[in-house]
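Residue numbers (the numbering used here): 4 to 359.
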Amino acid sequence: MHLTCVEFPTEYKRYISRKVSLIISGVVLLAILFILSISLGAVHIPPAEVIQTLMGNSLSKQWDIIIWNIRLPQSLTAIVAGIGLAVAGAVMQSVLRNPLGAPFTLGITHAAAFGAALSVMIMGTGVMQSSSASAVKIIHPYFTTFMAFMFSLIATGIIIGVSRIRGSSPEVMVLTGVGLGSLFTSATVFIQYFADDIELAAMVFWTFGDVARASWNELGLMTAVLVLSVVYFMFNQWNYNAINAGDETAKGLGVNVDRVRMLGMFCASLLTSMIVAFLGIIGFVGLVCPHMVRRLIGDDQRFLIPGTCVAGGILLLASDTAARLMISPHTLPVAVLTSFMGAPVFIYLIVRGYRR
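Have a look at this one:
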């Protein structure tokens with residue numbers, strides 16, 4: 004049946020409204036989960052009291068301290084880091100046209116971790132306070148982030164170089180990322196070998212990935228970089244749609260493919276390195292979330308990017324809340340749970356690719 008001129012706009016509006024409704028539903032779910040994440044823990048705080056405290060009407064000094072000094076920054080950090088890692092993965096998958104692309108699978112996360120470790124342990128930009136998960140205190144966050152970013156750019160350059168090789172498959176690019184990840188992990192272990200016991204224990208805990216260690220200042224830095232990056236990604240949403248159709252098609256539509264690809268990877272690497280420098284390695288968020296969102300709303304970057312942002316915030320916040328409750332009053336690093344969830348998805352995507 005052919006659509007008339009009246010029917011076509013109606014169908015398109017339904018197409019748009021369905022995607023927008025899913026994103027709005029995700030935002031509502033994220034808001035509910037945010038209140039619950041602050042409420043749940045070793046000390047239970049009723050959700051109504053959480054809302055009252057956030058509005059400045061706290062009824063308990065103890066709850067006020069717990070919320071403002073511990074749980075609120077931790078929950079906000081989980082949301083910011085989840086959004087950042089997820090949207091970085093979505094952009095990498097789009098500009099490289101590789102469904103297996105993500106900061107973790109391409110070795111970019113490991114490269115950033117090595118740069119941060121090199122800065123903290125060798126160049127003295129951090130201090131070791133104890134052998135706990137929050138032992139590494141970054142005293143020069145800008146330089147530490149710069150070092151993490153520079154090494155992530157090295158990994159990014161290699162990945163882009165491999166993507167230019169004629170006949171390069173997604174599996175080859177991921178294998179290159181695995182090799183890079185192994186290389187930078189070995190380099191990090193080499194640095195740790197020369198550390199004393201306290202430094203070694205602290206760095207091992209740091210590389211696990213934990214959103215509880217970020218201060219308000221570090222959260223502010225991550226948020227600023229995230230906002231600028233997401234604005235840039237949204238500004239280029241049509242360019243990413245064109246690249247998904249193929250480089251030649253995109254060039255025919257007037258897109259400077261090389262420039263868009265390089266700047267997209269540049270921003271995604273900066274965002275990843277900022278998160279890794281402060282929180283450690285948190286894997287698979289950038290791989291899982293874009294695929295979850297694609298199954299619901301498709302490949303259109305106008306909706307995929309904001310949808311992935313919402314999904315990333317939900318996934319990491321839910322994982323952090325679960326990690327806090329599983330062995331309460333002790334807390335698991337959130338990276339443990341994300342790896343458990345992400346590894347099966349990664350294997351599934353590889354197997355599906357070979358079957359095709």
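Note that the Cβ used here is the ideal one computed from N, Cα and C, for glycine as well.
Note that the structure is predicted; figures quoted are calculated from it, not measured.
Can you give me the C-alpha to C-alpha distance between residue i and residue j, rounded to a whole angstrom?
i, j, result
"Y357", "I350", "Low local confidence applies: a pLDDT of 45 at Y357 is under 50, so the model's placement there is unreliable, and no value is given."
"L39", "W71", "15 Å"
"M153", "G160", "11 Å"
"I54", "T334", "24 Å"
"R17", "I48", "41 Å"
"L32", "I26", "10 Å"
"G267", "Q240", "11 Å"
"I367", "A314", "In this structure the chain extends from 4 to 359, so residue 367 is not present and cannot be described."
"A346", "V288", "10 Å"
"G212", "P336", "6 Å"
"P50", "S331", "19 Å"
"V291", "I111", "16 Å"
"V147", "P12", "First, the residue type needs correcting, since residue 147 is Thr and not Val in the sequence shown. The straight-line gap from Cα to Cα measures roughly 51 Å."
"F343", "G182", "21 Å"
"S24", "G118", "41 Å"
"R100", "S218", "36 Å"
"S134", "A120", "Since pLDDT at S134 reaches only 47, below the 50 mark, its modelled position is unreliable, and the value read off the structure follows with that caveat. So the two alpha carbons sit approximately 16 Å from each other."
"A198", "G104", "33 Å"
"S28", "L307", "15 Å"
"L282", "F238", "28 Å"
"A325", "I82", "14 Å"
"F37", "S20", "25 Å"
"F236", "L57", "31 Å"
"T179", "V30", "36 Å"
"R216", "V279", "12 Å"
"S166", "V175", "9 Å"
"A91", "A271", "5 Å"
"M150", "A190", "14 Å"
"A253", "Y243", "9 Å"
"D323", "S42", "13 Å"
"M227", "V233", "The question names Met, but residue 227 in the sequence shown is Ala. So the two alpha carbons sit approximately 10 Å from each other."
"G263", "D250", "Looking at the sequence provided, one finds Val at residue 263 rather than Gly. Rounded to the nearest angstrom, the two C-alpha atoms are 11 Å apart."
"G184", "A34", "35 Å"
"T341", "R327", "13 Å"
"F113", "T188", "As written in the sequence, residue 113 is His, which differs from the Phe given in the question. Whole-angstrom Cα-Cα distance: 6 Å."
I'd like the span of the alpha helix (DSSP H) that includes residue i, first residue to last.
i, result
"N244", "240 to 247"
"N113", "Residue identity differs from the one stated: residue 113 is His in this sequence, not Asn. Start and end: 111 to 124."
"F306", "304 to 329"
"A84", "75 to 99"
"V258", "First-last for V258: undefined, no H or E at that position."
"W66", "64 to 69"
"I50", "Sequence inspection shows Pro at residue 50; the Ile mentioned does not correspond to that position. Run containing P50: 50 to 57, per the alpha helix (DSSP H) assignment."
"L290", "288 to 300"
"L156", "144 to 166"
When the cut-off is 8 Å and only beta carbons count, does residue i lie next to chain C?
i, result
"S155", "Going by chain labels, chain C is absent from the structure shown, which holds only one protein chain."
For a test of your reading of the model: does the CB of residue i fall under 7 Å from any non-hydrogen atom of the ligand ZN? Yes or no.
i, result
"G92", "The ligand ZN is absent from the structure shown, which contains no ligand whatsoever."
**Item:** Cβ contact (3+ pairs, closer than 8 Å) linking the region 217 to 228 and the region 71 to 79
**Value:** yes
**Prompt:** Pairing CB atoms from the region 270 to 284 with CB atoms from the region 253 to 260, are three or more of them under 8 Å?
**Reply:** no
**Message:** Whether or not the region 60 to 68 and the region 282 to 302 are in contact is what I'm after, with contact meaning three or more pairs of Cβ atoms, one per stretch, closer than 8 Å; do they touch?
**Reply:** no
**Item:** the region 311 to 319 / the region 80 to 91 touching (three or more Cβ pairs under 8 Å)
**Value:** yes
**Message:** Under 8 Å: do the region 110 to 126 and the region 297 to 309 share three or more Cβ pairs, one atom per stretch?
**Reply:** no
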